[in-house]
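Residue numbers (numbering that gives the first Met the number 0), protein chains in the order written: chain L, 0 to 396; chain Y, 0 to 396; chain G, 0 to 396; chain H, 0 to 396. C-beta: ideal position from N, C-alpha, C; glycine also. Worksheet for the structure shown next.
There are 4 protein chains.
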Amino acid sequence: MSRIELSLNPSPRAVAIADRVESFVRDVVVPYERDPRRDHHGAPLDELVYEMREHARAAGVLTPHILADGSHMTQRETALVLIKSGLSPLGPLACNTMAPDEGNMYLLGHKATEEQKDHFLKPLVEGRARSAFFMTEPSDDNGAGSDPSMMLTTCRQDGNHWVINGRKTFITGADGASVGIVMAKAEDGGACMFLVDLPDPAIRIDDVPNTIDSSMPGSHATVTIDNLRVPASQMLGEPGDGFKYAQVRLSPARLSHCMRWLGCCIRAHEIASDYACRRMAFGKALIEHEGVGFMLAENLIDIKQAELMIDWCAGVLDTGSLGTTESSMAKVAVSEALMRIADRCVQVMGGTGVTDKTIVEQVFREVRAFRIYDGPTEVHKWSLAKKVRRDWREAQA
Amino acid sequence: MSRIELSLNPSPRAVAIADRVESFVRDVVVPYERDPRRDHHGAPLDELVYEMREHARAAGVLTPHILADGSHMTQRETALVLIKSGLSPLGPLACNTMAPDEGNMYLLGHKATEEQKDHFLKPLVEGRARSAFFMTEPSDDNGAGSDPSMMLTTCRQDGNHWVINGRKTFITGADGASVGIVMAKAEDGGACMFLVDLPDPAIRIDDVPNTIDSSMPGSHATVTIDNLRVPASQMLGEPGDGFKYAQVRLSPARLSHCMRWLGCCIRAHEIASDYACRRMAFGKALIEHEGVGFMLAENLIDIKQAELMIDWCAGVLDTGSLGTTESSMAKVAVSEALMRIADRCVQVMGGTGVTDKTIVEQVFREVRAFRIYDGPTEVHKWSLAKKVRRDWREAQA
Amino acid sequence: MSRIELSLNPSPRAVAIADRVESFVRDVVVPYERDPRRDHHGAPLDELVYEMREHARAAGVLTPHILADGSHMTQRETALVLIKSGLSPLGPLACNTMAPDEGNMYLLGHKATEEQKDHFLKPLVEGRARSAFFMTEPSDDNGAGSDPSMMLTTCRQDGNHWVINGRKTFITGADGASVGIVMAKAEDGGACMFLVDLPDPAIRIDDVPNTIDSSMPGSHATVTIDNLRVPASQMLGEPGDGFKYAQVRLSPARLSHCMRWLGCCIRAHEIASDYACRRMAFGKALIEHEGVGFMLAENLIDIKQAELMIDWCAGVLDTGSLGTTESSMAKVAVSEALMRIADRCVQVMGGTGVTDKTIVEQVFREVRAFRIYDGPTEVHKWSLAKKVRRDWREAQA
Amino acid sequence: MSRIELSLNPSPRAVAIADRVESFVRDVVVPYERDPRRDHHGAPLDELVYEMREHARAAGVLTPHILADGSHMTQRETALVLIKSGLSPLGPLACNTMAPDEGNMYLLGHKATEEQKDHFLKPLVEGRARSAFFMTEPSDDNGAGSDPSMMLTTCRQDGNHWVINGRKTFITGADGASVGIVMAKAEDGGACMFLVDLPDPAIRIDDVPNTIDSSMPGSHATVTIDNLRVPASQMLGEPGDGFKYAQVRLSPARLSHCMRWLGCCIRAHEIASDYACRRMAFGKALIEHEGVGFMLAENLIDIKQAELMIDWCAGVLDTGSLGTTESSMAKVAVSEALMRIADRCVQVMGGTGVTDKTIVEQVFREVRAFRIYDGPTEVHKWSLAKKVRRDWREAQA
């Protein structure tokens, strides 16, 4: 099987780590893809996750994007490492570079107090716990959906505690998480974030629906928060700054999805290319049929473009910019490109492509979901159109 | 919820039956969509299927496209009825209009002897049995795949019997079927078809893979046929005519998939439209956002075009033509249109669209598989291109 | 060269006329495609048009869709005839089935008084004059554009006359027309339509811009109407009914564009197919390259779908319906399909495709413009989305 | 009007020059866009070109990508400068960065002897002459087209001269050029390149067809070469190395088209954005309609991706690689992206978009042609598919 070479070269340090991650994922994680330990949604069981992490720890590739001193690699370095960790759908779980933990660690690394880091961040970085980010609200309540201004969950101060009430949905990994970050609106309309030990009886898991994707332990729960009491010391940062912190987490988390799923699509492309080169149809190798070969050619181009968009957006984030526009552009471009790639891989492989004999079928399903989470394509285009208008107005002034 | 009206009007008889089928599916079958009786591939259990068929029998909509005298409706009539039966993914199972039974009944109705009909066809028409069509071969053997000329399964005469050996794959419904139609190549290179009672120890189910779709009982098995002995009286038609009979079944079966899945996509569109009309985002109903409303507008167009292509192709078949070119055109156009429709429905519904809270998520997965079975898009384009060339040559002559 | 066969068969009468039209266009009109008589916008000179019409008259194919008694063929009959007349970009001019005359004749045939018909309609039907429809207004005035409610042109009654003032743009054929239909808003906000002899000094042609298309004599003028006085007897129908009459003309006129340009695209496809079958590249005929053959296969499908949409929409109009929704659906589907067809034809022919050595290059340019006139794609999708919402609301009630 | 900012930052030197070029093009060249001096194909007359070059010389932006010592900027530097020169379709002519001169100067700069440079290259660099590259052959002869191995033009040695015979087509700028580079096949099958003073009676211009594009002086001629005698000293490099030299020119020339047309599409996007922000429809600014705003959002993404692909490919060329694969990827990705951008700009501007009131209409036509020249999309995909297969084979070994 021939491997896709990336052009990314952010630093010797990152290249060295990324190489180790790639070897680990290809040699150690890939065989786990056939491991049957999954829950009834198809998501990997924690038992499987923690077993793989033992190997990652031994191989020196656990949480590879966070350095020994607790600082994070640059985003451009992270890109290279996370793409490589994504070469298997299990790779990010094995290496502890998976959402939502990766984004949560990023946020806590930047905004938590030392005490909060000790208690909430340390077990995450060590790969011994999972976390969840409680922001999205159910659409049947006319709650937030893709529109955060519609947040209905409330928090009110009661002595030295805050009391939180509301409903949250699509809370990835809530079922089984030890660490929660909960967002709520205070009486003055400002948003607050709280760190919570999980499970907590005041956060009731109402439903964990079956979804088209199946890579995330705990799947995507809907929960009711019913008079959850949190000590004031567990507020993250300052009251009223919740949306600001969500922004800090937003672009890097969005971009890290692009990285991991690009890795998966690269692998799917390798599998489909291998299939097309081996399998004969109508008297010649499948790939010699232009109808098939052109799809693989288009994959090469889409992979490269996804890689370049990620690297560019990561570079913008590395300047200290929030990168809201840039990460919207990258999210749309990359998620749509990955959908095309995954779809072509399925098509190239014909009947085999729709079975779970390879990861191609799963990658297709995962990427379909990715086009919706962290903002559906349409929401990003909407905010990009607003930016075009804003720039025009400023140029008029 | 607003319903899509079709323009099809092939005959008063068909309209009346289609109306009954529609009411039955919407009122009786749709509630079964939440019935948990599924196998571990997600496919409906036979128990569930036969329970629904009792209702269909009572409602006079069981096997509605085959008339009391055993004759079939015209293809244009069938189209209207099968689209309506498809308004739920369970509808064709409940009404006994599902693949592969529908195509197998068609073939037996046209080519079987009276004795064969009595034994093999009757229980199918009465909705008391399932069947399977053993044609496709595994690609890892470099077997037939999409290319029937590569068939490796053999049959040789031995006294008053035929002995069949080979491997078959993607045999929908083989697991649990009572009736099999097996295709094999004789020593002289001619293809033969045989009718077989199932299960038979000489047909060993090696594997039933998980696949992206989950609507077909028995899923898609890979089997080994090991010295299967079949009495000569169970050969369908004449030796050497196997490919010809496959052709007879081919276009109608291909087209009937288009019909059923169009039904499903119409329903998915109704669900997505309802969602978009109810749900608010950024201060107005989702559908008032052009980004959403345009997707639903595009669905209207794609639905209409799918309907017209099906009706046109059905009309060609009704003239007695094999309709190979026309059914290739229809299959490509309809399956690709349905993919766009299903994809838009998922996207319109955002997070809800990727859960199994509605059938939209399943329809998306089913249609993805449909783009491959009964000939992937690329194989049909290939044969259409050949036709362009053939026509050109004839015009030169 | 191989010809595309249509499935349309609306009536023996129409088939017979369409056959005559097809022979005429292929045999007599096609050679005129190399005739150099064009204006500096590339549009055919009237001299050329009237010469071709002499041949059409002789061949009995002049204004073939209007019967001897002045009545019009049904829309389904018209479809077949107009598609055939469109097999050359010059065909509709030669046969007098071209926009805007065809739509104007339709409107006058349905709404004009006998006196008005005698004076304004007769020379049009006889192919001795051209006409123009003055509705669209310039966007730099923030006039009507695609939004008729923004109409700024006014008419006010002055004794037995009306006085009209305003500016109009993209008035196809105004330069050189003998008959004008002018739309304006009365003081009470109602819209009126007037018939006008042209040229008239009160209608000043300000500008005839170069445009990407070049099939319409007189091109698309911007005019100023400066105190144009029209006798009250030249009002079409009743005051205030202008928008209603525009609706009468709207759907058939929109659909007739689909018909003519489908004809052109069929011819472009025949040319490209012929090229691909003759020309060798990399050791085989171009069409044997799937990259090329698939494009021609996709053309076959798009042509069929365009044909079916036109026939369906025409059938709706033939029931007496205004067909606003249906003609929006048809216009979007057909114009976008024709763009894909024309684009593929250019691409298949490589360098030759971008020269004027064949009509393919012109057809590509014409179809690009067609995606905008008679309502850009986006305006139609917008009104289709409104319809989805309206239907939903009615179903709620 | 708001300007698109690029992310490219190859060197301070290039940024400074690019800024000067941008100011020059926007301030001095853009007003020339309405200058009527065009030939009957719509291409700018040399008189107009040379007048603009006087201004460019004065502004220090003539041939800005070639340094005072005759060396070329790096490709990444060139990219930034050429994109800026492309902000007007006339910009590359004014700045002397236009095809085919730019590619010809590149080839001569790398492969010509000092004597050849003095005679043939110097006037080009000084912007006093135009050149042409005689490679492509007519398809009606079954000549080279996109397939160079089919070259039919011959050269044979005759004493101290070579004698060349053949036909060439799509020879951009041949009409009016002073310098020609002619490719031909020697008797031993090796390809040779020759430098020729033009015009020469032995190179007869048979035809200069009208084409869809109109930016290149001299358009695209078909010529007959009839016993052209060239002194051996005018051979470029070594006999038999013609294809090798064509390769040297190929990737940079292909990429420089991407650069210039990206510049044009950026400008078209600025014009369309400005239009959409100013113009009202249905009660709000056009851009506030998502149907329009989303198109501009998609443009932002496509522009960024085109920019990144160009920069990446330029970087590969700067390592000394031939960049055949990379420039194929870039050519496909960029030309297809630019087509989408140009098409959206036309659509956003409605009726105005299809007139020559802005450059948008021309840009659309130019980009259509660009998808064919320097290798149609399909030829590049074909060679990319071959590379996938080659890589796979090597990985097997």
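Status (buried if at least 16 other CB within 10 Å, exposed otherwise) for residue i
i	result
residue 307/G	buried
residue 78/L	buried
residue 8/H	exposed
residue 26/G	exposed
residue 272/L	buried
residue 127/Y	exposed
residue 186/L	exposed
residue 74/Y	buried
residue 66/Y	exposed
residue 269/Y	buried
residue 30/L	exposed
Length of the line joining the Cα atoms of residue i and residue j
i	j	result
residue 278/H	residue 349/H	11 Å
residue 334/Y	residue 341/Y	10 Å
residue 188/L	residue 239/L	8 Å
residue 291/G	residue 347/G	6 Å
residue 34/H	residue 281/L	58 Å
residue 21/H	residue 60/H	10 Å
residue 47/H	residue 81/H	20 Å
residue 154/L	residue 222/L	16 Å
residue 229/Y	residue 202/Y	12 Å
residue 120/G	residue 218/H	45 Å
residue 365/L	residue 190/G	55 Å
residue 133/H	residue 205/H	14 Å
residue 266/G	residue 343/L	32 Å
Nonlocal neighbours in the same chain, by C-beta distance under 6 Å from residue i, ignoring five residues either side
i	result
residue 331/L	376, 379
residue 241/G	182, 190, 191, 192
residue 305/G	261, 333, 336
Spatial neighbours of residue i in its chain, beta-carbon cut-off 7 Å, leaving aside the 5 residues before and after
i	result
residue 10/H	76
residue 301/L	336, 339, 340
residue 315/H	322, 325
Start-to-end residues for the beta strand (DSSP E) that takes in residue i
i	result
residue 183/H	178-184
residue 219/Y	219-230
residue 304/H	It is not in any beta strand (DSSP E) - residue 304/H instead sits in the alpha helix (DSSP H) that spans 289-317.
residue 237/H	Looking at the DSSP string, residue 237/H is not in any beta strand (DSSP E), and its letter there is neither H nor E.
residue 205/H	202-206
Residue range of the alpha helix (DSSP H) that includes residue i
i	result
residue 351/H	349-352
residue 173/H	Careful: residue 173/H lies outside any alpha helix (DSSP H) and carries neither H nor E.
Cutoff 9 Å: residue i Cβ touching any chain A Cβ
i	result
residue 390/L	Checking the listed chains, one finds no chain A in this structure; the protein chains it contains are L, Y, G and H.
Own chain, CB closer than 8 Å to residue i, minus 5 neighbours either side, in chain order
i	result
residue 386/G	324
- Message: Against chain Y, which members of the segment 285-315 of chain H pass a CB distance test of less than 7 Å?
- Response: Of all residues in the segment 285-315 of chain H, 288, 289, 290, 293 have a Cβ within less than 7 Å of some Cβ in chain Y.
Report task. Note down, in chain order, all residues in the segment 255-287 of chain G with a beta-carbon under 7 Å from any beta-carbon belonging to chain Y. Result -> 272, 273, 276, 286
TODO: Mind checking the segment 346-374 of chain G against chain H and listing, in chain order, the residues whose C-beta falls within less than 8 Å of any C-beta there?
DONE: Taking 8 Å as the upper bound on Cβ-Cβ separation, chain H lies near residues 346, 349, 350, 351, 352, 353, 354, 355, 356, 360, 363, 364, 367, 368, 370, 371, 372 of the segment 346-374 of chain G.
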